[in-house]
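Beneath this line is the structure, given in structure tokens, with notes to follow.
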Amino acid sequence: MSESSTSTRQQYTPPPPELGPGQTSHTSITEKITSIVLTPHTPYQWFIVVLIGLMLVGLLQVSIAYLLYEGIGIWGLNVPVGWGFAIIHFVWWIGIGHAGTLISAILLLFRQKWRTSINRSAEAMTIFAVMCAGMFPLIHTGRPWLAAYWLFPYPNSMAVWPQFRSPLIWDVFAVSTYFTVSLVFWFLGMVPDLASFRDRAKHRVTRVIYGVLAMGWRGSAVHWERYEMTSLMLAGLATPLVLSVHSVISLDFSVSILPGWHTTIFPPYFVAGAIYAGFAMVLLLLIPIRRLYGLQDFITLRHLENMGKVMLTAGLIVAYGYFMEQFIAWYSASVYEGFMMQNRMFGDYGSFYWALILCNIAIPQFLWSKRVRRNTVWLMFISFVISVGMWLERFVIVITSLHADFMPSSWDMFYPTFWDWATYAGTIGFFLFAFFLFVRGMPVIAAHEIRTLLPFGKKEK
Amino acid sequence: MSETESDTYGLMAEFETPEELLEAAKLAYGKGYRTMDAYSPLPIHGLAAAIGFHRTNLPILTFILALTGAIVGYGMQYWIQVIDFPVNIGGRPLHSGPMFIPVTFELTILFAAVGTFVGLWIRNGLPMPYHPVFNVAGFERASQDRFFLCIESADPLFDAEGTRSFLGGLNPVEVSTVDQ
Numbered sequence: 156m157s158e159s160s161t162s163t164r165q166q167y168t169p170p171p172p173e174l175g176p177g178q179t180s181h182t183s184i185t186e187k188i189t190s191i192v193l194t195p196h197t198p199y200q201w202f203i204v205v206l207i208g209l210m211l212v213g214l215l216q217v218s219i220a221y222l223l224y225e226g227i228g229i230w231g232l233n234v235p236v237g238w239g240f241a242i243i244h245f246v247w248w249i250g251i252g253h254a255g256t257l258i259s260a261i262l263l264l265f266r267q268k269w270r271t272s273i274n275r276s277a278e279a280m281t282i283f284a285v286m287c288a289g290m291f292p293l294i295h296t297g298r299p300w301l302a303a304y305w306l307f308p309y310p311n312s313m314a315v316w317p318q319f320r321s322p323l324i325w326d327v328f329a330v331s332t333y334f335t336v337s338l339v340f341w342f343l344g345m346v347p348d349l350a351s352f353r354d355r356a357k358h359r360v361t362r363v364i365y366g367v368l369a370m371g372w373r374g375s376a377v378h379w380e381r382y383e384m385t386s387l388m389l390a391g392l393a394t395p396l397v398l399s400v401h402s403v404i405s406l407d408f409s410v411s412i413l414p415g416w417h418t419t420i421f422p423p424y425f426v427a428g429a430i431y432a433g434f435a436m437v438l439l440l441l442i443p444i445r446r447l448y449g450l451q452d453f454i455t456l457r458h459l460e461n462m463g464k465v466m467l468t469a470g471l472i473v474a475y476g477y478f479m480e481q482f483i484a485w486y487s488a489s490v491y492e493g494f495m496m497q498n499r500m501f502g503d504y505g506s507f508y509w510a511l512i513l514c515n516i517a518i519p520q521f522l523w524s525k526r527v528r529r530n531t532v533w534l535m536f537i538s539f540v541i542s543v544g545m546w547l548e549r550f551v552i553v554i555t556s557l558h559a560d561f562m563p564s565s566w567d568m569f570y571p572t573f574w575d576w577a578t579y580a581g582t583i584g585f586f587l588f589a590f591f592l593f594v595r596g597m598p599v600i601a602a603h604e605i606r607t608l609l610p611f612g613k614k615e616k
Numbered sequence: 133m134s135e136t137e138s139d140t141y142g143l144m145a146e147f148e149t150p151e152e153l154l155e156a157a158k159l160a161y162g163k164g165y166r167t168m169d170a171y172s173p174l175p176i177h178g179l180a181a182a183i184g185f186h187r188t189n190l191p192i193l194t195f196i197l198a199l200t201g202a203i204v205g206y207g208m209q210y211w212i213q214v215i216d217f218p219v220n221i222g223g224r225p226l227h228s229g230p231m232f233i234p235v236t237f238e239l240t241i242l243f244a245a246v247g248t249f250v251g252l253w254i255r256n257g258l259p260m261p262y263h264p265v266f267n268v269a270g271f272e273r274a275s276q277d278r279f280f281l282c283i284e285s286a287d288p289l290f291d292a293e294g295t296r297s298f299l300g301g302l303n304p305v306e307v308s309t310v311d312q
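Chains as they are written, first to last, in the working numbering: chain A, 156 to 616; chain B, 133 to 312.
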């Protein structure tokens, strides 16, 4: 290529580094990460978020107590819309959780080093999001204390077993396995960092607490060898697991025969949507925390930009899913499928559909621009829009298919009640509360993995 | 005060960089020491091999547990729906193989993942409330920014004077005695 032609092209700028200029030694990494927790000073913004979270948790408790007292009639559910906010929010929260496992497991298998500074907080997000998700089907049973024998195959005095041909039972197994494996993976990753906390803690009580949690970890080479192997094994197991979880959840819909649900595109399209929503939530949480605790050297623009790219890709797969739904509705030549799509776009809930297209397809296209991907305000805005869009997607899927089914005489509208909204807001509060407690008391960045980013063996050369 | 070998766990050398620790571990192994361990705040590729630990058999455990999970998962569903309480629902076959796959799959993952996790801590001997290496002053930096090599007194070649001078020759920050 001649020089004149290269000068007209845009200058290539290498991506920002994985580790900022302020972090050059093992000492500085350890000090920075432990200083977030081992300090008597707590930023006032932390108290504000935790207080808001705690108030919403109070609202959640009241909502659940009233639900258990009165029954699920306090929600807007009725025939024909028997699945309402509970299933929408179950799917929404589980989807958000998927980004954590994607970052910690799939990117580990692909040897993506940029995952190291965001994986811990994303895994924490997964744990709390799955907790929020799990609440909905549990309280939707109305009497959760009876739900044990509906959900799990335990030998009860009535000799009744769950129906294993039902996707709802697959859900129980998928979500409980997902929660357990995520928890184990998260804790496994934290042990060496908890040992750093133990060794730096000044106060006796904190030293004992972190000492118990670190279980006597001493960084032995043999231990590290097995530890690394276990991480790899768990990553290999968590990868098909995370893909299976949202696929199984999509089967709740697609195994039924309802128009708009009974479709084979659902499993991959749900998984892509989960990754989309999850990365948006990671950005929504990490951009403020990065700034609040001055973590710009760990979570660099490289990370934010890469997450923007993952969101853009996942968003395009989701867009393909929407297109395929339209195409199949037409190509199947089924009257009911055709009506469903027409009703979805131009019926009573049509505005929801177009808002969804705006949020999930139109606005995220700004991510094609590098300037947008490197601008935290833009990223926050787009992430928020995607979170809303993914909520709308689940609303549209659940409600529009149910409210107008095969028989016009049974058609009806769905209107959420105050308690529907209160329960949803309550889980958001619980999520914020739990996540900020985690930030205050646990290693929010995987210090031992960050240490491996430092140049090794360069001295001799 | 003279130390007898019985109340000494070993001798510990402290290094500033992972490169120095790796080099020291290789030299110690070359010298013939076998009962030793290295401590570092990050996984160092090749360090376990340098002190003579070749490979972990944890993946075999993972495989066996995955197989167990699969058999338990499928077997449980078969037993429940075909043998213990067969129910004819809409004429569907009692043994509906494809419908049993999701639960079988999830239990495969669950058994393998939790079992590997538990297996790791059993093989590592953790949780362990007390270990002699923590008696060394400055060992708290093993989880932060320093690198340690400990030759244990159980090693047949170990002798307090000779081993100390050998470790001293590796250019460490400090060589200290590890009390039992």
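Quick reminder that beta carbons are idealized off the backbone N, C-alpha and C, glycines included.
Note that this is a predicted model, so its numbers are computed, not measured.
Candidates the options: which alpha carbon is nearest residue i's?
i: Met384 (chain A); options: B:Phe249, B:Phe279 and B:Leu289; result: B:Phe249
i: Val532 (chain A); options: A:Ser331, A:Leu441 and A:Leu389; result: A:Leu441
i: Phe421 (chain A); options: A:Ile552, A:Ile261 and A:Trp574; result: A:Ile552
i: Ala292 (chain B); options: B:Trp211, B:Ile254, B:Asp311 and B:Ala274; result: B:Asp311
i: Cys132 (chain A); options: A:Leu264, A:Gln216 and A:Pro519; result: The structure shown does not extend to residue 132 (chain A), since chain A is modelled only from 156 to 616, so the question has no answer here.
i: Leu338 (chain A); options: A:Ala260, A:Thr189, A:Met495 and A:Met210; result: A:Ala260
i: His171 (chain A); options: A:Met479, A:Gly581, A:Arg457 and A:Ala302; result: For the record, residue 171 (chain A) in the displayed sequence is Pro; it is not His. The candidate whose alpha carbon is nearest that of Pro171 (chain A) is A:Arg457.
i: Leu478 (chain A); options: A:Leu389, A:Asp567, A:Thr607 and A:Ile516; result: Just to set this straight, residue 478 (chain A) is Phe in the shown sequence, not Leu. Selected option, being the one with the closest Cα: A:Ile516.
i: Val308 (chain A); options: A:His295, A:Ile294 and A:Trp325; result: The sequence given here has Pro at residue 308 (chain A), not Val. Checked all of A:His295, A:Ile294 and A:Trp325; the closest Cα to Pro308 (chain A) is A:Trp325.
i: Asn189 (chain B); options: A:Ile605, A:Met388 and A:Ala279; result: A:Met388
i: Pro234 (chain B); options: A:Thr607, A:Val400 and A:Trp576; result: A:Val400
i: Ile273 (chain A); options: A:Leu459, A:Phe569 and A:Val465; result: A:Leu459
i: Met545 (chain A); options: A:Ala393, A:Gly250 and A:Val367; result: A:Gly250
i: Arg273 (chain B); options: B:Gly142, B:Leu193, B:Tyr141 and B:Thr149; result: B:Thr149
i: Ala220 (chain A); options: A:Trp372, A:Leu193, A:Arg298 and A:Leu398; result: A:Arg298
i: Leu513 (chain A); options: A:Phe482, A:Trp372 and A:Glu548; result: A:Glu548
i: Thr194 (chain A); options: A:Gln481, A:Phe588, A:Trp379 and A:Thr361; result: A:Thr361
i: Asp287 (chain B); options: B:Ala145, B:Phe217 and B:Met168; result: B:Met168
i: Ile605 (chain A); options: B:Lys163, B:Ile176 and B:Met144; result: B:Ile176
i: Ser308 (chain B); options: B:Phe290, B:Leu289 and B:Phe271; result: B:Phe271
So what's residue i in DSSP terms, helix, strand or just coil?
i: Tyr504 (chain A); result: coil
i: Glu158 (chain A); result: Confidence at Glu158 (chain A) is low in this model, with a pLDDT of 47, below 50, so the placement of that residue should be treated as unreliable; the coordinate-derived value is given next. In this structure, Glu158 (chain A) counts as helix in the three-state DSSP scheme.
i: Phe280 (chain B); result: strand
i: Phe147 (chain B); result: strand
i: Asp311 (chain B); result: strand
i: Tyr210 (chain B); result: helix
i: Ala292 (chain B); result: helix
i: Tyr477 (chain A); result: helix
i: Thr335 (chain A); result: helix
i: Tyr262 (chain B); result: coil
i: Ser375 (chain A); result: strand
Is any non-hydrogen atom of the ligand COA found closer than 7 Å to the C-beta of residue i, if you look at the structure I gave you?
i: Asn461 (chain A); result: Of the ligands one can find in the structure shown there are none, so the ligand COA has no counterpart to examine.
Take residue i and list the residues in its own chain whose beta-carbon comes closer than 6 Å to its own, dropping the five residues that flank it on each side.
i: Pro623 (chain A); result: Outside the displayed span of chain A (156 to 616) sits residue 623 (chain A), for which this structure offers no information.
i: Gly476 (chain A); result: Ile420 and Tyr424
i: Pro259 (chain B); result: none
i: Ile472 (chain A); result: Ala427
i: Trp316 (chain A); result: Pro308
i: Phe453 (chain A); result: Ser272 and Ile600
i: Gly208 (chain A); result: Gly584, Leu587 and Phe588
For residue i, which residues of its own chain have a beta-carbon under 8 Å away from its beta-carbon, when the five flanking residues on both sides are left out?
i: Asp139 (chain B); result: Asp311 and Gln312
i: Trp201 (chain A); result: Leu447, Phe591, Val594 and Arg595
i: Ser574 (chain A); result: Reading off the sequence, residue 574 (chain A) comes out as Trp, not Ser. Around Trp574 (chain A): Ser218, Tyr221, Leu222, Ile229 and Trp230.
i: Val336 (chain A); result: Leu389, Leu392, Ala393 and Leu396
Go through its chain and collect everything with a Cβ distance to residue i's Cβ below 7 Å, but skip five positions before and after it.
i: Leu262 (chain A); result: Arg270
i: Leu264 (chain A); result: Ala390, Gly391 and Thr394
Can you find at least 3 beta carbon pairs, one from the region 599-614 of chain A and one from the region 222-237 of chain A, that sit closer than 8 Å? no
Does the region 562-581 of chain A come within contact of the region 232-242 of chain A, defined as at least 3 CB pairs closer than 8 Å? yes
Could you say if the region 505-514 of chain A and the region 425-440 of chain A meet the contact criterion of at least three C-beta pairs nearer than 8 Å? no
Does the region 226-236 of chain B touch the region 341-355 of chain A, meaning 3 or more C-beta pairs lie closer than 8 Å? no
Quick test of the definition: if touching needs 3 or more C-beta pairs under 8 Å, does the region 340-350 of chain A touch the region 395-410 of chain A? no
Any contact of the region 271-291 of chain B with the region 181-188 of chain A, i.e. 3+ C-beta pairs under 8 Å? yes
Are three or more beta carbon pairs between the region 169-181 of chain B and the region 280-287 of chain B nearer than 8 Å? yes
Inside the region 513-571 of chain A only - alpha helix (DSSP H) runs reaching at least 4 residues: 525-528 and 531-550
Mind listing, in chain order, the continuous beta strand (DSSP E) runs of no fewer than 3 residues lying wholly within the region 385-417 of chain A? none
Can you list, in chain order, the stretches of the alpha helix (DSSP H) that have 4 or more residues and sit fully within the region 159-183 of chain B? 179-182
I'd like the ranges of any alpha helix (DSSP H) spanning at least 4 consecutive residues and lying wholly in the region 165-226 of chain A. 181-192 and 199-225
Threshold first: 4 residues or longer. Then list the alpha helix (DSSP H) segments lying entirely within the region 573-608 of chain A, N to C. 573-596 and 602-606
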